[in-house]
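**Student:** So for the sequence shown, the numbering used here puts the first residue at 20; every next one is plus one. Virtual Cβ for every residue (Gly too), placed ideally from N, Cα, C. A single structure is presented below for examination.
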Amino acid sequence: MRATIETYLSRHAEERDSLEGLLAVLDAAEEPSSRATLPGHVTCSAVVIDRDRRVLHIGHRVTGLLLCPGGHVEAGDRTLLAAAVREVCEEAGLRPGDLCLTPQFLAEPIDVDVHDIDANPAKGEPAHQHFDVRFAFYLTAEQPPALALQDDEVAGARWLPYADVRSPTLRAKLLAAEADGLDGCPEPVSANALIHDGAGRYLLHLRDDREGMWEPWVLALVGGKRSRDDASLEATLRRELAEEVPGLVPTELVPFAVQEATSVDGLAVPISVYAGRWSGDAGAVDLREGVLLTWCTVDMLDRLRLSPGLGELIRRHAAEHPATEGPPDDTYPLPDEAPPGTELHIVGVHLHLQDDHGRILLGLRHPDSAFAPDTWHFLAGHCEREAAIDCLVREAKEEAGITIAPEDVDLVHTVHHVDSPNVRPRIALVFQARSWTGDPEVLEPDRCVEWRWWEPQKLPAAVVPYTRRAIDGILRGRPYSEDGWGER
Numbered sequence: 020m021r022a023t024i025e026t027y028l029s030r031h032a033e034e035r036d037s038l039e040g041l042l043a044v045l046d047a048a049e050e051p052s053s054r055a056t057l058p059g060h061v062t063c064s065a066v067v068i069d070r071d072r073r074v075l076h077i078g079h080r081v082t083g084l085l086l087c088p089g090g091h092v093e094a095g096d097r098t099l100l101a102a103a104v105r106e107v108c109e110e111a112g113l114r115p116g117d118l119c120l121t122p123q124f125l126a127e128p129i130d131v132d133v134h135d136i137d138a139n140p141a142k143g144e145p146a147h148q149h150f151d152v153r154f155a156f157y158l159t160a161e162q163p164p165a166l167a168l169q170d171d172e173v174a175g176a177r178w179l180p181y182a183d184v185r186s187p188t189l190r191a192k193l194l195a196a197e198a199d200g201l202d203g204c205p206e207p208v209s210a211n212a213l214i215h216d217g218a219g220r221y222l223l224h225l226r227d228d229r230e231g232m233w234e235p236w237v238l239a240l241v242g243g244k245r246s247r248d249d250a251s252l253e254a255t256l257r258r259e260l261a262e263e264v265p266g267l268v269p270t271e272l273v274p275f276a277v278q279e280a281t282s283v284d285g286l287a288v289p290i291s292v293y294a295g296r297w298s299g300d301a302g303a304v305d306l307r308e309g310v311l312l313t314w315c316t317v318d319m320l321d322r323l324r325l326s327p328g329l330g331e332l333i334r335r336h337a338a339e340h341p342a343t344e345g346p347p348d349d350t351y352p353l354p355d356e357a358p359p360g361t362e363l364h365i366v367g368v369h370l371h372l373q374d375d376h377g378r379i380l381l382g383l384r385h386p387d388s389a390f391a392p393d394t395w396h397f398l399a400g401h402c403e404r405e406a407a408i409d410c411l412v413r414e415a416k417e418e419a420g421i422t423i424a425p426e427d428v429d430l431v432h433t434v435h436h437v438d439s440p441n442v443r444p445r446i447a448l449v450f451q452a453r454s455w456t457g458d459p460e461v462l463e464p465d466r467c468v469e470w471r472w473w474e475p476q477k478l479p480a481a482v483v484p485y486t487r488r489a490i491d492g493i494l495r496g497r498p499y500s501e502d503g504w505g506e507r
């Protein structure tokens, strides 16, 4: 509750003085929403907006006032927003699914009002104050549904334009938000990623089985709710991917469909689904939320427990975008095998990054590292089952907090190298990023203890040999070099 109010005040700092009474209640030992908490307690209201930019008001029999539906918080209410939803459904006969959040306010309060309540001797209540926390909702239907008013407490209902809303503080915020698109028309407030590999596989996310979890213990798409700080729904999705599956960066995100789900409070949730392509190892992803990531194909859908509508969505995408590559071939050699007459190679990606002064970024490997301890090396990593550029983007983010767009990457050098006759040879792909965001930071201290920019002509003595050879080749404009195969 305190966090909700502090978030509100962060956007309306000018109201802090007028809400000192509420802050005092939140700081006290008593339950802030209890009717017994005096001289004031928290209540909640629902600001329901239709397509004509009108707000639902109901007449209260006891006070005679025309107000937005609302009331006291009950023990079973998970949140203040849940209390507002319950109250409007009880008083006006709406269903939670008749409502959705607005993109302008989402799950944050639109307004907090303080109003005086007269004493009620019949109930033994002295005069006190209500600190009314108000949440905005759109109707999902084009026309307002028929209301079923709670006759013992409610005497009629009216839909009032923004300019006629009874509460001055709420009216001012509605009129201000109208310029920001508060028009009563529902639009997506969440974004999900339909990630595929171009070969008929789709990436699914198994949700946690926890109380209060939205769609628990089902396979769903990765994604999440929009934040008021997100510039767009695509920004929402990219933020969610970075938080939930850091390093998993699809090569493209294209709007594909709009779905509707149901929140834990029963609200309708319009979701914008973006299709994106990625072909990495799902099991190697650093999953921060949920239980697992896994690939599935269309023929598996009937055997899986999916979030509502997901099977139909995947089938539609598969029909509209047939696989351009064949599915993984089960006849391929096992990881430790090679076709006759060939030698398996390890593929690594390397980032050649130069700043505005022409200096090259190198990392000092940990002294206990199995490979090249106490030696300077490119930011690098091994390709899992993923495209090389996807691997580079992932490694840059995971190892150094550097964000690179795939389209800003060029292959500038390739090194075919081998350390000894008894180990597998390697292919080192060296990519240069034309632009990036973020300053290098040590995020994997067990592997790299320092990042430093070096002038090309003043490289340290301890540099991985093929790294030095690659840098020399790049500076000389040579696209290929070898190391460990003997002199030519």
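Which residues mark the beginning and the end of the alpha helix (DSSP H) in which Lys477 is found?
**Tutor:** Unbroken run through Lys477: none, as it is neither H nor E.
**Student:** Between Leu320 and Val237, is the Cβ-Cβ spacing less than 8 Å?
**Tutor:** Cβ distance not < 8 Å, so Leu320 and Val237 don't count as in contact.
**Student:** If contact is defined by three or more beta carbon pairs under 8 Å, each pair taking one atom from either stretch, is the region 389 to 405 in contact with the region 477 to 488?
**Tutor:** Yes, they touch.
**Student:** Between Val449 and His369, is the Cβ-Cβ spacing less than 8 Å?
**Tutor:** For Val449 and His369, yes; Cβs fall inside 8 Å.
**Student:** Three-state secondary structure (DSSP) at Thr510?
**Tutor:** The question about residue 510 has no answer here: the residues shown for the chain are numbered 20 through 507.
**Student:** Counting C-beta neighbours from all protein chains within 10 Å, is the total for Thr361 16 or more, i.e. buried, or is it exposed?
**Tutor:** With fewer than 16 other Cβ atoms within 10 Å, it is exposed.
**Student:** Determine the direct distance from the alpha carbon of Ser64 to that of Pro88, and round the result to whole angstroms.
**Tutor:** The straight-line gap from Cα to Cα measures roughly 6 Å.
**Student:** Within this structure, are the beta carbons of Asp151 and Thr62 separated by less than 8 Å?
**Tutor:** Cβ atoms of Asp151 and Thr62: closer than 8 Å.
**Student:** Could you tell me the distance, in whole angstroms, from the CA atom of Asp130 to the CA atom of Gln451?
**Tutor:** Answer to the nearest angstrom: the Cα atoms are 50 Å apart.
**Student:** Helix, strand or coil: how does DSSP classify His147 here?
**Tutor:** If DSSP states are grouped into helix, strand and coil, His147 belongs with the strands.
**Student:** Can you find at least 3 beta carbon pairs, one from the region 296 to 311 and one from the region 209 to 226, that sit closer than 8 Å?
**Tutor:** Yes, since at least three Cβ pairs between the region 296 to 311 and the region 209 to 226 fall closer than 8 Å, the two stretches touch.
**Student:** In angstroms with no decimal places, state the Cα-to-Cα distance between Leu574 and Glu414.
**Tutor:** Any question about residue 574 goes unanswered here, given that the chain covers just 20 to 507.
**Student:** Which term fits Gly95, buried or exposed, when burial requires 16 or more other beta carbons within 10 angstroms of its beta carbon?
**Tutor:** Exposed.
**Student:** Inspect the beta-carbon positions of Val92 and Val67 and report whether they are closer than 8 Å.
**Tutor:** Contact: no.
**Student:** If you drop the 5 nearest sequence neighbours on each side, which residues of the same chain put their C-beta closer than 6 Å to that of Ala406?
**Tutor:** If we look at Ala406 and ignore the five residues flanking it on each side, its Cβ neighbours are Ser298.
**Student:** Going by beta carbon distance, what residues of the same chain come within less than 7 Å of Tyr45, once the five residues before and after it are set aside?
**Tutor:** One point to set straight first is that residue 45 is Leu, not Tyr, in the sequence displayed. Taken in chain order, the residues that qualify are Met20, Arg21, Ile24 and Pro51.
**Student:** Going by beta-carbon coordinates alone, are His147 and Gly78 separated by less than 8 Å?
**Tutor:** Result no, Cβ atoms of His147 and Gly78 do not sit closer than 8 Å.
**Student:** Considering only residues of the same chain and omitting the five flanking positions on each side of Pro425, which have a CB-CB separation below 8 Å?
**Tutor:** Same-chain partners within the cutoff: Val268, Thr270, Ile408, Asp409 and Val412.
**Student:** Please list, in chain order, all residues of the same chain as Gly367 whose beta carbon is under 8 Å from its beta carbon, the five residues on each side excluded.
**Tutor:** Closer than 8 Å at Cβ, skipping near neighbours: Ala399, Gly400, His401, Cys402, Arg445, Ile446, Ala447 and Leu448.
**Student:** Is DSSP giving Gly492 helix, strand or coil here?
**Tutor:** It is helical.
**Student:** Which runs of the alpha helix (DSSP H) at least 4 residues long sit entirely within the region 370 to 430? Give them in chain order.
**Tutor:** Entirely contained in the region 370 to 430, the alpha helix (DSSP H) runs reaching 4 residues are, in chain order, 407 to 419.
**Student:** Contact defined as beta carbons within less than 8 Å: I believe Val277 pairs with Pro207. What is the distance between those atoms, to the nearest angstrom?
**Tutor:** That belief holds up - the Cβ atoms of Val277 and Pro207 are roughly 6 Å apart, short of 8 Å.
**Student:** Taking 8 Å as the cut-off, decide whether the C-beta atoms of Leu168 and Leu240 are in contact.
**Tutor:** Not closer than 8 Å, so no.
**Student:** Pull up the distance between the alpha-carbon of Asp216 and that of Trp472, whole angstroms please.
**Tutor:** Distance between the alpha carbons of Asp216 and Trp472: 36 Å.
**Student:** Could you have a look at Arg229 and say whether DSSP puts it in helix, strand or coil?
**Tutor:** DSSP places Arg229 in coil when its eight states are reduced to three.
**Student:** Can you tell which of Pro265, Ala419, Val264 and Gln123 has its C-alpha closest to the C-alpha of Cys204?
**Tutor:** Looking at the Cα atoms, Gln123 is the closest of the given residues.
**Student:** Can the beta-carbon of Gly331 be found closer than 8 Å to that of Val434?
**Tutor:** Note that residue 331 is Glu in the sequence shown, not Gly. No, they are not a contact pair.
**Student:** Is it right to say Glu110 is buried, meaning 16 or more other beta carbons lie within 10 angstroms of its own, or is it exposed?
**Tutor:** Its Cβ being crowded by 16 or more others within 10 Å, Glu110 is buried.
**Student:** Write down every uninterrupted run of the alpha helix (DSSP H) in the region 37 to 92 whose length is 4 residues or greater and which is fully enclosed by it, in chain order.
**Tutor:** DSSP runs (the alpha helix (DSSP H)) wholly in the region 37 to 92: 39 to 46.
**Student:** Could you say if the region 184 to 198 and the region 99 to 106 meet the contact criterion of at least three C-beta pairs nearer than 8 Å?
**Tutor:** The region 184 to 198 vs the region 99 to 106: no contact.
**Student:** Would you say Gly492 and Gly457 are within 8 Å of each other, going by their C-beta atoms?
**Tutor:** No, they are not a contact pair.
**Student:** Distance check for Pro164 and Gly231, CA to CA, integer angstroms please.
**Tutor:** Cα to Cα, the separation comes out at about 28 Å.
**Student:** Output yes or no for whether 8 Å exceeds the beta carbon distance between Val133 and Gly40.
**Tutor:** It is a contact, given that the beta carbons lie within the stated cut-off.
**Student:** Could you tell me if Glu161 is buried or exposed, where buried requires 16 or more neighbouring beta carbons within 10 angstroms of its beta carbon?
**Tutor:** Exposed.
**Student:** What distance in whole Å lies between the Cβ atoms of Leu213 and Val292, which are believed to be in contact at a cut-off of 8 Å?
**Tutor:** Right, their Cβ atoms sit about 5 Å apart.
**Student:** Please state the DSSP three-state secondary structure of Glu501.
**Tutor:** Reduced to three states, the DSSP call for Glu501 is strand.
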